[in-house]
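These notes are about the structure you will find just below.
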Amino acid sequence: MPPLEEVKERIEQALPGSTADVTDLTGGGDHLRAEVVYDGFAGLSRLEQHKLVYSIFEGEIGGPIHALSIKTVIPLAGNDGSSEQRTIPLAGNDGSSEAAGNDGSSEQRTEGAR
Amino acid sequence: MNNEEIRAELKRAIEEEHVMLFMKGTPDAPRCGFSARVTQILNASGADYSAMDILPDPRIREELSGLSGWPTIPQLFVNGELVGGCDIVTEMFESGELAETLGVEQPARPETPAAQQPAQAPPLQIE
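Okay, here's the thing in structure tokens:
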């Protein structure tokens, strides 16, 4: 099983500019949760955002990583990291809540304690 | 049953069932905490749904993930479209989006899924 630090680094390398907080849900090292803040999520449905994170670990989920729980966050300039996400475009859903325009100056959240 | 027949049966279930949950175990006896949470949410939402246990044959999961492009279980489909896994279903339940997607009324207190109730439909099985 890959250590938490390695999972974090692989996410941050695969998604340039992202920050990932990876925690161990059970203490067993194979049920992980990743909170990923990445401005590249803007414009993607939540489903696509999660698939993007899963794709980094293709073939390992269900194997060495038994479970990877994901929370995706789109950083908005000057905010505290709370998310505004597009809704998933299903029938009857107008998908109107789009993340506000990002002017490129979005702040990076500092990494939390490890 | 060969892989093509399994895939055809999965496709049929996804296309024909309005709300289709693929899970580990059954709604009455989930075998994984993530699957249990999604069944609790669906029960609390009051939606009619069908469920299939993917555990009896590893090829079910392989074919399902091949169809959906989603690596983990559970997987929830509504009207033939993948909604997501446990994380997305939970977020949508808490935000109220799930009721709209399912076509049901949002329960009064979405943050507290009701105690588990028997599933509305018996689980589908691939034999």
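From first to last, the protein sequence lines are chains A and B. Throughout the first sequence, residue numbering follows the working numbering, covering 1 to 114 in sequence. Throughout the second sequence, residue numbering follows the working numbering, covering 1001 to 1127 in sequence. Every residue gets a Cβ at the ideal spot worked out from N, C-alpha and C, and that includes glycine.
Using alpha carbons as the reference points, say which of the options lies closest to residue i.
i               : options                               : result
S18 (chain A)   : A:D24, A:G27, A:L32 and A:A42         : A:A42
K1011 (chain B) : B:G1103, B:V1104, B:S1068 and B:T1072 : B:S1068
K8 (chain A)    : A:R46, A:P75 and A:V37                : A:V37
P2 (chain A)    : A:L47, A:L15, A:I56 and A:R46         : A:I56
D1087 (chain B) : A:L47, A:E6 and A:E12                 : A:L47
E1017 (chain B) : B:Q1106, B:R1059 and B:Y1049          : B:Y1049
E58 (chain A)   : A:E5, A:I11 and A:L4                  : A:I11
C1032 (chain B) : B:N1002, B:G1096, B:I1073 and B:E1100 : B:I1073
E1100 (chain B) : B:L1042, B:I1060, B:R1061 and B:G1085 : B:L1042
G28 (chain A)   : A:A14, A:L4 and A:Q13                 : A:L4
E60 (chain A)   : A:L76, A:K71 and A:H31                : A:H31
N1002 (chain B) : B:L1098, B:I1060, B:G1096 and B:Q1040 : B:I1060
Counting only Cβ pairs nearer than 8 Å, list the residues of chain B close to residue i.
i             : result
I61 (chain A) : P1071 and T1072
K51 (chain A) : G1069 and W1070
A67 (chain A) : F1034 and T1072
For a contact meaning CB atoms closer than 7 Å, what does residue i contact in chain B?
i             : result
L47 (chain A) : L1082, G1084 and I1088
I70 (chain A) : D1087
Y38 (chain A) : None at all; the shortest Cβ gap to chain B is about 16 Å.
Name, please, each residue of chain B whose Cβ falls closer than 9 Å to the Cβ of residue i.
i             : result
A20 (chain A) : Here the premise fails: no neighbours, minimum Cβ distance about 15 Å.
My guess is that residue i and residue j are in contact by the Cβ rule of under 8 Å, so how many angstroms apart are they, rounded?
i               : j               : result
L1124 (chain B) : S1045 (chain B) : Incorrect: roughly 19 Å between the Cβ atoms, too far for contact.
R1007 (chain B) : E1063 (chain B) : 4 Å
P1071 (chain B) : S1065 (chain B) : 6 Å
R33 (chain A)   : L25 (chain A)   : 5 Å
I74 (chain A)   : D39 (chain A)   : 6 Å
E1009 (chain B) : I1126 (chain B) : 6 Å
A1047 (chain B) : V1083 (chain B) : Not really, about 11 Å apart at Cβ, beyond 8 Å.
Does any residue of chain D have a CB that is nearer than 8 Å to the CB of residue i?
i             : result
H66 (chain A) : Looking for chain D here will not work: the only protein chains present are A and B.
Contact between the segment 60-67 of chain A and the segment 37-51 of chain A is defined here as three or more beta-carbon pairs at a separation below 8 Å; is this criterion met?
no
Is it a yes or a no for the segment 1092-1100 of chain B touching the segment 1025-1036 of chain B, going by three-plus beta-carbon pairs under 8 Å?
no
Check whether the segment 1020-1030 of chain B touches the segment 1045-1057 of chain B, taking contact to mean three or more Cβ pairs, one atom from each stretch, closer than 8 Å.
yes
Any 3 or more C-beta pairs closer than 8 Å across the segment 1003-1022 of chain B and the segment 1072-1091 of chain B
yes
Complete runs of the beta strand (DSSP E) confined to the segment 4-58 of chain A [at least 3 residues]
19-24 and 31-37
Segments assigned alpha helix (DSSP H), at least 4 residues, entirely inside the segment 1074-1099 of chain B
1086-1095
Just list the alpha helix (DSSP H) runs in the segment 1021-1078 of chain B, keeping only unbroken ones of 4 residues or longer that don't cross its boundaries, in chain order.
1033-1045 and 1058-1068
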